[in-house]
Every structure is written in structure tokens, then in C-alpha cells.
Amino acid sequence: MAVYYNDTDPAACAWLRELIATGLLPDGEVDERSILDVEPAELRGFTQCHFFAGIGGWPYALRLAGVPESLPVWTGSPPCQPFSQAGQRKGQDDDRHLAPAFLRLVAACRPELVFGEQVASAAVLGPVGGTARTPAEDPAGWAWFDALAADLEAASYAVAAADLPAAGIGAPHIRQRLFFGAVALETGGLGDSFGAGSQGRIGMQGGSDQRAARSAGLAGRLADGNGGLARDGGVQRGRQHRCEPQDGEAGGLVDGADPAGANATDGVWRDPDWLLCRDDRWRPVEPGTFPLADGLPGRMGLLRGYGNAIVPSLAAEFVTAFLESLR
16 MAVYYNDTDP AACAWLRELI ATGLLPDGEV DERSILDVEP AELRGFTQCH FFAGIGGWPY
76 ALRLAGVPES LPVWTGSPPC QPFSQAGQRK GQDDDRHLAP AFLRLVAACR PELVFGEQVA
136 SAAVLGPVGG TARTPAEDPA GWAWFDALAA DLEAASYAVA AADLPAAGIG APHIRQRLFF
196 GAVALETGGL GDSFGAGSQG RIGMQGGSDQ RAARSAGLAG RLADGNGGLA RDGGVQRGRQ
256 HRCEPQDGEA GGLVDGADPA GANATDGVWR DPDWLLCRDD RWRPVEPGTF PLADGLPGRM
316 GLLRGYGNAI VPSLAAEFVT AFLESLR
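Residues in the sequence shown are numbered from 16 upward in steps of one, following this note's numbering.
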């Protein structure tokens, strides 16, 4: 049940090692090489692999979803900069477009389950409103998810995706992201275990009663902006994010001079501090959030770690729904 973590950011890798050492993430090996340098043979013996691991948002999300460490799962959220409206929008011509490298390893090693996410931009989701885009209108000129799904299907995977906001689980910001999941379609693979009920290989920890309870409460938690997972005891921490907002806004904006009327949550975002910004809008931040300042470079590493991560509690909801759909 060995776990493999891969990321090229030394600060994030050091962070991962600390989280592993304290037991907050599964024990495993942290590899700081580029994914371009990783060969399939090197991944033999690892039950779970997390590429673009950052500070461990995906393995933490799997824990929140009750996924056992014995289940062969890979995760990967390739860099979003090539497809973010806030970036240069070079698309597949960007050196940071690393989804093909991830899919190369998936096709060679054939993990039974694959999860990931990407910024929900037009370059990722494709044409909007029935109007086809042209290269002149969008330098990317293609749909990231269409290419991803086609490659996974060519490797005999069934693929599903959902465009989800962090606000759907009570966060004070939108953070719209496309989550995707894939399951291997082959004899003897995970597909043969779907009908095994509580004894199946994809059984959530805690048995069928817990799975039924999670399934029954899923829609309610997603629709309840004042609840979220924390009310169920499922989330202790979860302020991990990934990539800059597409429009440059922080999300969760409140107009006016006083944020007192803003909706509160009972989750991990239940007690934010509110900062009045230069555009006369109030924005929620974590209590005690530190400001950027000259001479304190360590803070940049922390902010980069938070900014490049996923929202684990939202990812956990997607994983739960995906696995329940396979039963």
C-alpha cells in the first residue's frame, strides 16, 4: 500500500514530508523530479500515485471520502496556467501543459481509478452557448477536457466530470473547478467489483451503512451553503486552493461598507476576518492571515502552496459521488 507523491516545487515537497511525518497524509515516497522524467517502470509497487501533488490536497480528499489506501487510485491536477484567463492562454503550446505526460503514465500503468481537476475556463470546457470558438478568438483554440477524455477513453477508461464551485460546500468564494474521474474498463479490473456491495474493492471505510448515509446526505451538503462537511465531522481543515481566479477577483465578494449581513457557514469557513479592499468591497480571509511584506520570503511559499492546491472537501464530495455512481 505504498504511496507515491510527485511535485517539482521543493517547498511543497518539504511540506508534504512534514504532513506525512505527522500522519496527516499516507506514508509514502516524495519525488521532486519533473513528471517528464518519470518512467512507468519506476511506479511499480505503488498502490496510489499523486502527481502535481502540491501540499497533498488530493490524498487528503481521498481520506475525507473514506477511500482505503489499498485501492489503486491515481490523482493529478495539471498546471492550470496555460488555460486560465489570468494567464497567457497559450494552451497546448505552453511548456506547462503537462496533461499529456500524466496521461502517458496512466496509459502505461493503468491504475483502476483516476481523479483530477482543472480550472473551469473556456479553454478547458470548450464552446459556450453553442458558439464555436476559433483560434483568433481564443489562442488555445481547443477544449482541454475533450482532449483529456478522448485520450482516457482511447486507453479504455470511462470518464465523467462535474463543474463545481467551492461555494457549493459553504466556502465564501466561488473557485469554479472542473473535477474529473475515470475508471478502467477491462476484465478483472475495478468494473468487476462494482456489484460486490459492502465487500467490493471500492467499499468506503466504515461499511455499507456509512456509504448509504454519505450518499443520502451528499445532495443536502452540496446545496446547504450554511453547512458543508464540517457539520458531519468530516473536515478538520480544508482551505487549500488551486491556481489564481480567472477574473482576478478573490471570490465571495460583499458590496457595501459593512459585511455583517453576509451569510455565515458552520464549516471550516465559519469565522472569517473581513478586510475592506481598495475597490470598496469586503473580502473574507482566514482569521490571522498574514500580509505580504518585503523581507519575509517564507510567506510567499505558504501562499503559493495554498494558491496551487485544491479544495479537499469539495474534491471529497466529487469522489464520493463518482464512486457511488459505479455501484
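Don't be surprised by glycine CBs; every beta carbon is placed ideally from N, CA and C.
- D166 carries a helical assignment under DSSP once its states are collapsed to helix, strand and coil.
- A116 sits in a helix when the DSSP states are folded into three classes.
- In the DSSP assignment, D288 forms a beta bridge with V300.
- Of the candidates I50, L118, D288, P287, the residue whose Cα lies closest to the Cα of A169 is L118.
- About 13 Å separates the beta carbon of S171 from that of L128, a gap too long to meet the 8 Å contact definition.
- Excluding sequence positions up to five before and after P115, its CB lies within less than 8 Å of the CB of D166, all in the same chain and listed in chain order.
- Here R32 carries a helix assignment [DSSP, helix/strand/coil].
- When rounded, the separation of the alpha-carbon atoms in L329 and D288 is 22 Å.
- Residues F130, A175, F337 of the same chain have their beta carbon placed closer than 6 Å to that of G196, with the five preceding and five following residues left out of the count.
- Scanning A68, I70, C64, V198 for the CA closest to the CA of E84 turns up C64.
- The beta carbon of F66 is closer than 6 Å to those of N21, I50, G91, F117 in its chain, skipping five residues each way along the sequence.
- Of the residues T37, F194, W284, the one whose Cα lies closest to the Cα of L179 is F194.
- By alpha-carbon distance to R342, the top candidate from V198, R298, C292 is V198.
- Across the structure, V45 and A26 are spaced so that their CA atoms are roughly 12 Å apart.
- Inclusion of G43 and V18 in the CB contact set at 8 Å is warranted, their separation being smaller than that value.
- Nearest in C-alpha terms to P87, of all of V121, A181, R32, is V121.
- Nearest to R298 by alpha-carbon distance, out of E332, V326, I189, P327, is I189.
- As summarised for the stretch 53-100, the continuous beta strand (DSSP E) elements at least 3 residues long and confined to that stretch are 61-66, 88-91, given in chain order.
- Under the 10 Å beta carbon count, G38 is surrounded by fewer than 16 other beta carbons and is classified as exposed.
- Beta-bridge pairing by DSSP links G196 to F130, A175.
- Secondary structure note for V18: its beta strand (DSSP E) is the uninterrupted segment 17-21.
- Within a 10 Å sphere around the beta-carbon of G185 sit 16 or more other beta-carbons, which makes this residue buried.
- Annotated as distal: I325 and E33, with beta-carbon spacing of 8 Å or more.
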